[in-house]
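Notes follow once the structure below has been shown.
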Amino acid sequence: MSAKALIVVDIQNDFCPGGALAVAGGDEIVPLVNALIGAFDHVVLTQDWHPAGHSSFASTHPGRQPFETIDMPYGPQTLWPDHCVQGTRGADFHPGLDWTKAQLVIRKGFRPSIDSYSAFFENDHKTPTGLAGYLKERGISDLTFVGLATDYCVAYSALDAVRHGFSATVETGACRAIDLGGSLEAMTRRMAEAGVTLA
Ligand code: VGL
Ligand code: ZN
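Its first residue numbered 45, the sequence shown is counted upward by one per residue in my numbering.
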């Protein structure tokens with residue numbers, strides 16, 4: 045039997061109510077996620093981890109507002125409020141998250157000039173985080189994703205997972221979405237078409 049892992053995406057203060065890029069109901073999933081952490085042998089966390097002045101922040105681009113889209117060398121990039129700045133409380137995991145069991149924390153978005161939604165690749169879809177190699181070396185092939193946000197980091201991670209030969213399930217009840225301009229519906233369709241199991 046192939047080994048399974050739970051990938052817990054970006055359950056950080058800035059994505060929870062009161063945070064800089066709050067996802068509605070982001071904190072509601074914590075008890076469910078904790079129960080899933082208890083049920084899996086292998087647990088990996090991801091942590092959005094931007095330097096101050098990151099290129100995905102609207103404040104870095106004079107005259108730009110959060111949630112506008114700009115063209116970056118690697119393609120279109122949505123601009124966000126400043127969030128998950130390295131070492132700040134907003135970048136910490138939600139205080140109720142049972143993270144002690146995690147065997148690996150993948151930090152992403154730390155390069156100043158490129159954003160990273162996927163746990164596997166930066167937004168250029170070329171620069172790897174190392175997660176695929178880690179999982180393959182450990183013989184882990186079945187992945188279950190939970191966390192924030194369904195339509196950004198969870199969806200891009202699950203899409204990259206199937207593209208790289210992993211089986212991917214998204215536990216939608218243990219995720220919450222940003223839902224910007226229909227992004228939840230669009231990304232849900234893309235995941236279903238790509239063979240991601242939506243549970
Ligand atoms: C995320 C937008 C910007 C996410 C991270 O975790 O879904 N979304 N940075
Ligand atoms: Zn981010």
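Every residue, glycine too, gets a C-beta built ideally from N, C-alpha and C.
Inter-residue CB distance, residue i and residue j (contact presumed, cutoff 8 Å)
i, j, result
"Leu-175", "Ile-150", "5 Å"
"Asp-204", "Phe-154", "That pair is no contact at about 18 Å."
"Asp-87", "Ala-47", "With the sequence shown as reference, residue 87 is identified as Val, and Asp is not the correct amino acid for it. The Cβ separation is near 12 Å, so there is no contact."
"Val-240", "Ala-202", "5 Å"
"Phe-189", "Val-206", "That pair is no contact at about 11 Å."
"Ile-51", "Leu-141", "With 8 Å as the limit, Ile-51 and Leu-141 do not qualify as a contact, their Cβ atoms being about 14 Å apart."
"His-94", "Ser-103", "Rounded, the Cβ-Cβ distance is 12 Å, inconsistent with contact."
"Val-53", "Cys-197", "5 Å"
"Ile-73", "Arg-220", "6 Å"
"Leu-246", "Phe-137", "This structure gives no information on residue 246, because the portion of the chain shown stretches from 45 to 243."
Below-8 Å beta-carbon distance, residue i vs any chain C residue
i, result
"Arg-220", "This model lacks chain C altogether; it includes just one protein chain."
Counted within 10 angstroms of its Cβ, other Cβ atoms place residue i as buried (16 or more) or exposed
i, result
"Lys-152", "buried"
"Gly-191", "buried"
"Thr-171", "exposed"
"Ile-222", "buried"
"Thr-90", "buried"
"Glu-229", "exposed"
"Ala-199", "buried"
"Asp-85", "exposed"
"Asp-115", "exposed"
"Thr-113", "exposed"
From the options, residue whose alpha carbon lies closest to that of residue i
i, options, result
"Ala-1", "Pro-117, Ala-47 and Ala-212", "With the chain running from 45 to 243 in the structure shown, residue 1 is simply not present."
"Asp-58", "Pro-139, Ile-114, Ser-201 and Gly-183", "Pro-139"
"Thr-122", "Asp-85, Asp-195 and Gly-63", "Asp-195"
"Thr-144", "Ile-81, Asp-168, Glu-229 and Ser-201", "Ile-81"
"Pro-156", "Asp-92, Gly-70, Asp-71 and Gln-109", "Asp-92"
"Ile-184", "His-169, Cys-197, Gln-147 and Ala-230", "Gln-147"
"Pro-125", "His-208, Thr-216 and Val-67", "Val-67"
"Pro-75", "Glu-229, Leu-224, Ala-218 and Met-231", "Ala-218"
"Cys-60", "Ser-99, Gly-134, Val-77 and Phe-84", "Gly-134"
"Gly-70", "Phe-111, Gly-226 and Thr-216", "Thr-216"
"Gly-177", "Thr-232, His-208, Met-116 and Tyr-161", "His-208"
"Val-129", "Ala-64, Glu-112, Ile-158 and His-105", "Ala-64"
"Tyr-118", "Asn-167, Glu-72, Ala-236 and Ser-227", "Asn-167"
"Leu-224", "Phe-210, Gly-97 and Phe-111", "Phe-111"
Cross-strand partners of residue i (DSSP beta bridge)
i, result
"Pro-120", "Asp-115"
"Thr-188", "Leu-50 and Thr-213"
"Thr-241", "Thr-213"
"Cys-219", "Gly-191"
"Phe-101", "Trp-124"
"Lys-152", "Asp-92"
"Gln-56", "Phe-137"
"Phe-165", "Pro-172"
"Val-129", "His-94"
For the ligand ZN, which residues count as neighbours when the test is a C-beta closer than 7 Å to any heavy atom? Asp-92, His-94, Ser-100, Trp-124, His-127, Cys-128, Gly-153 and Asp-159
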